[in-house]
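Engineer:
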Amino acid sequence: MTDMLQKCLLCPRACGADRTTGRGRCGAGHMMEAARAALHFWEEPPLSGTRGSGAVFFSHCPLGCVFCQNRQISRRKAAGQTLTVDMLARTMLSLQAQGAHNINLVTGTHYAPHIIEALRLAKQNGLQLPVIWNSSGYETPQTLALLDGWIDIYLPDYKYYSAYYAARYADAADYHETAVTAIGEMLCQTGTPQYDANGLLTRGTIIRHLMLPGLAGDTAQVLRDIATRFDGALVSLMRQYTPFAMQDWPELDRAITDEEYGEACALFRSLGLSGFFQQGGAVSESFIPAFDGTGLEV
0 MTDMLQKCLL CPRACGADRT TGRGRCGAGH MMEAARAALH FWEEPPLSGT RGSGAVFFSH
60 CPLGCVFCQN RQISRRKAAG QTLTVDMLAR TMLSLQAQGA HNINLVTGTH YAPHIIEALR
120 LAKQNGLQLP VIWNSSGYET PQTLALLDGW IDIYLPDYKY YSAYYAARYA DAADYHETAV
180 TAIGEMLCQT GTPQYDANGL LTRGTIIRHL MLPGLAGDTA QVLRDIATRF DGALVSLMRQ
240 YTPFAMQDWP ELDRAITDEE YGEACALFRS LGLSGFFQQG GAVSESFIPA FDGTGLEV
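Printed below as a string of structure tokens:
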């Protein structure tokens, strides 16, 4: 683990920081940091089920979109508390004891080596739930290779088709080519979606796309690319974008309209995509959980 942190190349930023003595571009240092672990009921239905997904929200993020709804924990100076591998393993086992349908690791790329060790320990001590890798889609093939065999369900975003928007909102002009390569690898690892007797997903990949205001054309290109590139993949078309303090990006300072979302849903259907839509009630800051350390086993 230490070797990977001394010159960190875990995400596509490849900043090369020595995280054993400092912090990477993402803000992460040598130890894991997280801000919440709890039953989460706002994922897609075959993930949340009736008892909730056991979500662990990690601090910091390699991508860092300007509009991130989890901004309290995704920034370089992020909320959170330090976790050891043992603490994370105990947190996952606690979520299993609470009845979680799965373990949902939210934005953990920069802690991938730590998480693998925690999963190893948790499984040795009785963890039996499917494990979700909930990701921005901005991943390297090398890190995904580390995760192969440890992750049952991938939940990647496909945020941008246009390099212009990716650069403007995430300083990541390479997002499109990076994400489609990563998603392809995720689909290869998980194969055809598998469900249990209650209709809960036990293995597979769901590609998410969050609509942004005024970017209907980019959404259309994302959906067409998925239909062409990832035939048969499950897709989640999300409308939960909630603007906040967007003075520097006034074009993003509004919610998605019913008309915009309706047109995207119509295209989704016409392309023969399969998956999930969101109701208008998803547009609310009440869907953003409290990042106060709840549920972390210390």
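The numbers in numbering that gives the first Met the number 0 rise by one with no breaks, and the one at position 19 of the sequence shown is 18. Think of the CB as a built atom: it goes at the ideal place given N, C-alpha and C, for glycine as much as any other residue.
Should Y160 go down as buried or exposed, given a rule of 16 or more other Cβ atoms within 10 Å for buried?
Structural biologist: buried
Engineer: Could you say which of A215, L222, A172, P140 lies nearest to C187 if we only look at CA atoms?
Structural biologist: P140
Engineer: Which full runs of the alpha helix (DSSP H) of 4+ residues lie inside the segment 241-297, going along the chain?
Structural biologist: 257-269
Engineer: From what residue to what residue does the beta strand (DSSP E) around L82 run?
Structural biologist: Residues 80-82.
Engineer: Which residue marks the beginning of the beta strand (DSSP E) containing M237, and which one marks its end?
Structural biologist: 233-237
Engineer: Check the DSSP bridge columns for I131 and list the partner residues they point to.
Structural biologist: I131 pairs with N103, I152.
Engineer: Which of the three DSSP states, helix, strand or coil, is assigned to R207?
Structural biologist: strand
Engineer: Buried or exposed for F57, going by 16 or more other Cβ atoms inside 10 Å?
Structural biologist: buried
Engineer: To the nearest angstrom, report how far apart R228 and N133 are at their CA atoms.
Structural biologist: 21 Å
Engineer: Using alpha carbons as the reference points, say which of A99, L87, L94, Y174 lies closest to Y163.
Structural biologist: Y174
Engineer: At a cut of 8 Å, does the segment 253-272 reach the segment 71-80 through at least three beta carbon pairs?
Structural biologist: Touching, no.
Engineer: By Cβ distance, which residues of its chain are closer than 6 Å to G48, with the 5 residues on each side in sequence left out?
Structural biologist: H100, L199
Engineer: Please say whether A111 and T82 have beta carbons closer to each other than 9 Å?
Structural biologist: Sequence inspection shows Leu at residue 82; the Thr mentioned does not correspond to that position. For L82 and A111, no; Cβs fall outside 9 Å.
Engineer: Determine the DSSP secondary structure at G53, reduced to helix, strand or coil.
Structural biologist: strand
Engineer: Quick check on DSSP: helix, strand or coil for A77?
Structural biologist: coil
Engineer: Does the beta-carbon distance from E116 to T177 come in below 9 Å?
Structural biologist: no
Engineer: Looking at the secondary structure, which residues open and close the beta strand (DSSP E) in which H39 lies?
Structural biologist: 31-39
Engineer: Quick one, are the C-beta atoms of A54 and L38 less than 9 Å apart?
Structural biologist: yes
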